[in-house]
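Participant: I have a structure I would like to understand better, so I am pasting it below and will then ask my questions one at a time.
Protein chains in written order, with the numbering used here: chain A, 61 to 378; chain B, 7 to 270.
Here it is, written out as structure tokens:
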């Protein structure tokens with residue numbers, strides 16, 4: 061039922077919005093939602109922080125960009141390459157990194173993000189260096205080209221929906237329960253026979269694959285990429301989206317991506333103060349709604365309803 | 007089981023055999039050459055004053071600690087030095103001294119996680135929900151509900167486990183441990199923090215667990231409960247075995263009385 065509503069909303073928004081700039085903005089919201097859905101699986105459900113998630117986004121985007129420009133591959137062939145390479149990198153990085161916990165895991169993933177960013181910026185011969193890569197071809201399936209605009213908006217949001225369903229199914233399954241168990245008590249999870257390292261690496265790879273898909277769609281949407289889109293600030297932005305929306309809430313991930321993608325557009329004048337504004341938002345949410353906006357607002361609603369009900373029953377008794 | 011009258015040729019091998027296990031942390035010898043056996047179908051208790059090495063012994067048996075010397079054999083196979091998560095699939099389940107539930111999850115979900123090693127669904131299965139995955143999930147839920155029924159807490163299956171009173175949490179933890187279908191269940195101070203009525207229910211539950219063919223090994227401070235339900239006891243003092251025997255033998259043991267109950 062909710063999925064049908066979701067689908068109708070996507071269709072309606074696609075039909076209602078004509079302005080190409082707004083359509084592109086909403087498409088980017090979709091790309092960011094894919095990123096937060098993946099990161100939320102890792103952070104919200106398994107409880108493992110990643111401060112370098114933009115790296116996977118970047119690897120996905122750059123792989124397809126390099127293959128379709130330098131090597132002239134068709135995008136459809138570059139897609140599995142981008143996903144596979146990202147998954148392998150996540151696997152190699154994940155095994156040693158996810159043995160770390162808390163701050164150390166944060167530092168480890170942060171370092172990884174920095175390394176990838178520097179690689180993208182300095183390996184000019186392949187990545188185009190700081191000026192990036194231009195002329196990434198649009199997506200073409202058979203003879204049919206999906207041009208940025210309405211078609212691309214639908215493509216991205218259908219992918220979002222697909223990933224959404226995948227997340228819902230994983231969360232409500234044996235593996236999802238194992239991830240949440242690790243989050244709650246790693247000691248008890250291991251005693252229940254859960255191979256905690258393996259489970260953490262698996263969800264790390266899953267979230268990296270989501271990011272690679274997002275990177276792929278982003279590259280062919282914008283047709284120009286540069287390292288700046290995949291830097292440390294992007295990783296922080298993604299973490300902020302997950303935290304604001306509410307960890308361990310799939311809808312929260314969607315909401316977080318929405319707010320933090322559109323906010324800079326609304327607050328153009330504050331461009332120079334982006335970091336300060338993000339920091340303030342993050343602090344405010346952590347202090348007043350530590351469960352995130354979705355859960356926090358729901359809690360407030362329940363509490364007020366509870367209060368209202370008890371007040372009413374007291375009144376009827378008195 | 008095999009009394010003098012039966013004509014079995016060899017005694018049944020012990021379910022768990024611990025042989026001269028030593029473990030130290032820095033300069034502290036937590037266990038010094040401890041040996042004992044747990045027979046299948048027994049309720050076996052480990053007692054001893056604080057710091058006697060009881061929890062360390064549990065952690066060695068489950069593989070959380072690797073002993074410096076000695077051997078642990080479960081069903082005749084050496085298991086020391088394995089990974090912690092392997093214990094459950096071997097048939098060893100445990101509860102924790104301070105109750106380690108998955109607080110954000112419901113009681114039912116906790117028990118379902120307990121059945122982790124008896125189910126197979128991975129990421130592809132979760133995403134595609136093949137018919138066998140649905141069947142496995144249905145069966146797992148049915149088994150979990152049966153266990154909650156067994157532990158007398160079926161009516162709180164949907165509650166968030168962190169919201170429960172402490173005593174109930176302990177019963178949830180036992181049901182969760184049973185979900186891995188263990189042959190040996192380790193209970194680390196199961197009566198700690200329980201009131202009198204709950205302790206009595208716990209005793210009854212432990213007996214009915216034994217009646218299901220599951221062997222119990224428990225660390226316990228509640229002497230009444232321990233003496234009442236145990237078939238055999240192991241007494242540890244300062245990391246070493248002080249005595250071993252039936253409750254009656256232990257109660258008559260001079261050394262135990264002196265070291266543990268502190269006689270003048």
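Just so you know, even glycine gets a beta-carbon here, dropped at the ideal spot from N, CA and C.
Take residue 187 of chain B and list the residues in its own chain whose beta-carbon comes closer than 7 Å to its own, dropping the five residues that flank it on each side.
Facilitator: Here residue 187 of chain B refers to the residue found at position 181 when the second chain is read from its first residue. Around residue 187 of chain B, the same chain offers 124 as residues with beta carbons nearer than 7 Å, after the five sequence neighbours per side are excluded.
Participant: Can you say whether residue 262 of chain A is buried or exposed, counting buried as having 16 or more other CB atoms within 10 angstroms of its CB?
Facilitator: On the first chain, position 202 is the one that residue 262 of chain A refers to. Buried: at least 16 other Cβ atoms inside 10 Å.
Participant: Please state whether DSSP places residue 205 of chain A in a helix, a strand or coil.
Facilitator: Along the first chain, one-based indexing puts residue 205 of chain A at 145. Strand, per DSSP.
Participant: Counting only Cβ pairs nearer than 7 Å, list the residues of chain A close to residue 128 of chain B.
Facilitator: Position 122 of the second chain, counting from 1, holds the residue named residue 128 of chain B. Correct list: 235.
Participant: Return helix, strand or coil for residue 231 of chain B, following the three-state DSSP convention.
Facilitator: Indexing the second chain from 1 puts residue 231 of chain B at position 225. Shown here, residue 231 of chain B sits in a helix according to DSSP, grouped into three states.
Participant: Do you know offhand how far residue 269 of chain A's Cα is from residue 222 of chain A's?
Facilitator: Looking up residue 269 of chain A in the first chain gives position 209. Looking up residue 222 of chain A in the first chain gives position 162. Rounded to the nearest angstrom, the two C-alpha atoms are 13 Å apart.
Participant: Closest by CA to residue 337 of chain A, which one among A:323, A:116, A:204 and A:218?
Facilitator: Start at 1 with the first residue of the first chain, and residue 337 of chain A comes out as number 277. For the residues A:323, A:116, A:204 and A:218, the minimum Cα distance to residue 337 of chain A belongs to A:323.
Participant: DSSP three-state call for residue 65 of chain A: helix, strand or coil?
Facilitator: By one-based count along the first chain, residue 65 of chain A stands at place 5. Residue 65 of chain A: helix per DSSP, three-state reduction.
Participant: For residue 95 of chain B, which residues in chain A fall below 7 Å Cβ to Cβ?
Facilitator: Within the second chain, numbered from 1, the residue matching residue 95 of chain B stands at position 89. Neighbours of residue 95 of chain B on chain A, chain order: 253.
Participant: Going by the DSSP bridge assignment, what does residue 112 of chain B pair with across the sheet?
Facilitator: As a working note, residue 112 of chain B is residue 106 in the second chain. According to DSSP, which records beta bridges pairwise, residue 112 of chain B is partnered with B:166.
Participant: Looking only at C-alpha atoms, which of A:320, A:272, A:126 and A:296 sits nearest to residue 185 of chain A?
Facilitator: Locating residue 185 of chain A in the first chain gives position 125, counting from the first residue. With distances taken between Cα atoms, residue 185 of chain A lies closest to A:126.
Participant: Going by the beta-carbon positions, is the gap between residue 37 of chain B and residue 28 of chain B smaller than 9 Å?
Facilitator: Counted from its first residue, the second chain places residue 37 of chain B at position 31. Counted from its first residue, the second chain places residue 28 of chain B at position 22. Cβ distance < 9 Å, so residue 37 of chain B and residue 28 of chain B count as in contact.
Participant: Strictly by DSSP, which residues pair up with residue 42 of chain B?
Facilitator: Walking along the second chain from the start, residue 42 of chain B turns up at place 36. Answer by DSSP bridge pairing, in chain order: B:24.
Participant: Can you say whether residue 346 of chain A is buried or exposed, counting buried as having 16 or more other CB atoms within 10 angstroms of its CB?
Facilitator: Within the first chain, numbered from 1, the residue matching residue 346 of chain A stands at position 286. Classification of residue 346 of chain A: exposed, given that the 10 Å Cβ count is below 16.
Participant: Counting only the same chain and skipping the five closest in sequence on each side, list residues whose C-beta sits under 6 Å from that of residue 217 of chain A.
Facilitator: Position 157 of the first chain holds residue 217 of chain A. Contacts found: 70 and 90.
Participant: For the beta strand (DSSP E) containing residue 243 of chain B, list its first residue and its last residue.
Facilitator: For the purposes of this step, residue 243 of chain B is taken as the residue at position 237 of the second chain. First-last of the beta strand (DSSP E) with residue 243 of chain B: 238-243.
Participant: Give a yes or no on whether the minimum CB-CB distance between residue 92 of chain B and chain A is below 9 Å.
Facilitator: Counting from 1 along the second chain, the entry for residue 92 of chain B is found at position 86. It does: the Cβ of residue 92 of chain B has a partner Cβ on chain A nearer than 9 Å.
Participant: Going along the chain, which residues of its own chain have a beta-carbon closer than 6 Å to the beta-carbon of residue 286 of chain A, five neighbours each way excluded?
Facilitator: Counting from 1 along the first chain, the entry for residue 286 of chain A is found at position 226. Cβ neighbours of residue 286 of chain A beyond the five flanking positions: 192.
Participant: Using a beta-carbon distance below 9 Å, is residue 110 of chain B in contact with chain A?
Facilitator: What you label residue 110 of chain B is simply residue 104 of the second chain in a count that begins at 1. At least one chain A Cβ lies under 9 Å of residue 110 of chain B.
Participant: For the beta strand (DSSP E) containing residue 100 of chain B, list its first residue and its last residue.
Facilitator: Position 94 of the second chain, counted from the start, is the residue given in the question as residue 100 of chain B. Counting along the chain, the beta strand (DSSP E) containing residue 100 of chain B begins and ends at 98-100.
Participant: Need the endpoints of the beta strand (DSSP E) that residue 194 of chain B sits in, please.
Facilitator: In the second chain, the residue the question calls residue 194 of chain B occupies position 188. That run of the beta strand (DSSP E) goes 190-194.
Participant: To the nearest whole angstrom, what separates the beta carbons of residue 176 of chain B and residue 119 of chain B, a pair I think is in contact under 8 Å?
Facilitator: For this step, residue 176 of chain B is matched to residue 170 along the second chain. For this step, residue 119 of chain B is matched to residue 113 along the second chain. That pair is no contact at about 17 Å.
Participant: Bridge partners of residue 224 of chain B, per DSSP?
Facilitator: Within the second chain, the letter at position 218 stands for residue 224 of chain B. The partner list for residue 224 of chain B (beta bridge, DSSP) reads B:51 and B:193.
Participant: Would the region 82-101 of chain B count as touching the region 125-137 of chain B if we require 3 or more Cβ pairs under 8 Å?
Facilitator: no
Participant: Along chain A, in chain order, which residues have C-beta atoms closer than 7 Å to that of residue 125 of chain B?
Facilitator: In the second chain, counting from the first residue as 1, residue 125 of chain B sits at position 119. 234, listed in chain order.
Participant: Please determine if the region 236-250 of chain B and the region 42-55 of chain B are in contact, where contact requires at least 3 C-beta pairs separated by less than 8 Å.
Facilitator: Yes, they touch.
Participant: On the DSSP bridge assignment, give the partners of residue 78 of chain B in chain order.
Facilitator: The count along the second chain starts at 1 and reaches residue 78 of chain B at position 72. Answer is B:24, bridged to residue 78 of chain B.
Participant: Tell me whether residue 106 of chain B sits in a helix, a strand or coil according to DSSP, three-state version.
Facilitator: To locate residue 106 of chain B, count along the second chain from 1; it is residue 100. Note: residue 106 of chain B maps to coil in three-state DSSP.
Participant: Answer yes or no: does any C-beta atom of chain B fall closer than 9 Å to that of residue 211 of chain A?
Facilitator: On the first chain, residue 211 of chain A is found 151 positions in, with the first residue counted as 1. By this cut-off, residue 211 of chain A is not an interface position.
Participant: Return the CA-CA distance between residue 247 of chain B and residue 91 of chain B, expressed in angstroms with no decimal places.
Facilitator: Stepping through the second chain from its first residue, residue 247 of chain B is reached at position 241. Stepping through the second chain from its first residue, residue 91 of chain B is reached at position 85. Spanning the two alpha carbons is a distance of roughly 28 Å.
Participant: Sorted by chain position, which residues of the same chain lie with C-beta nearer than 6 Å to residue 11 of chain B's C-beta, five sequence neighbours on each side aside?
Facilitator: Counted from its first residue, the second chain places residue 11 of chain B at position 5. Per-residue confidence for residue 11 of chain B stands at a pLDDT of 44, beneath the threshold of 50, marking its modelled position as unreliable; no derived number is given.
Participant: Could you list which residues in chain A have their beta carbon closer than 9 Å to that of residue 117 of chain B, in chain order?
Facilitator: The count along the second chain starts at 1 and reaches residue 117 of chain B at position 111. Per Cβ cutoff of 9 Å: no residues; residue 117 of chain B is ~10 Å from chain A at best.
Participant: Below 9 Å between beta carbons is the criterion; list the residues of the region 186-214 of chain A that meet it against any residue of chain B, in chain order.
Facilitator: none
Participant: Would residue 317 of chain A pass as a contact of residue 95 of chain A if the rule is Cβ separation under 9 Å?
Facilitator: Within the first chain, the letter at position 257 stands for residue 317 of chain A. Within the first chain, the letter at position 35 stands for residue 95 of chain A. Between residue 317 of chain A and residue 95 of chain A, the C-beta spacing is below 9 Å.
Participant: Which runs of the alpha helix (DSSP H) fall wholly inside the region 122-151 of chain B and span at least 4 residues, in chain order?
Facilitator: Complete alpha helix (DSSP H) runs here, min 4: 129-134.
Participant: Mapping DSSP to helix, strand and coil, what is residue 251 of chain B?
Facilitator: Here residue 251 of chain B refers to the residue found at position 245 of the second chain. It is a strand residue.
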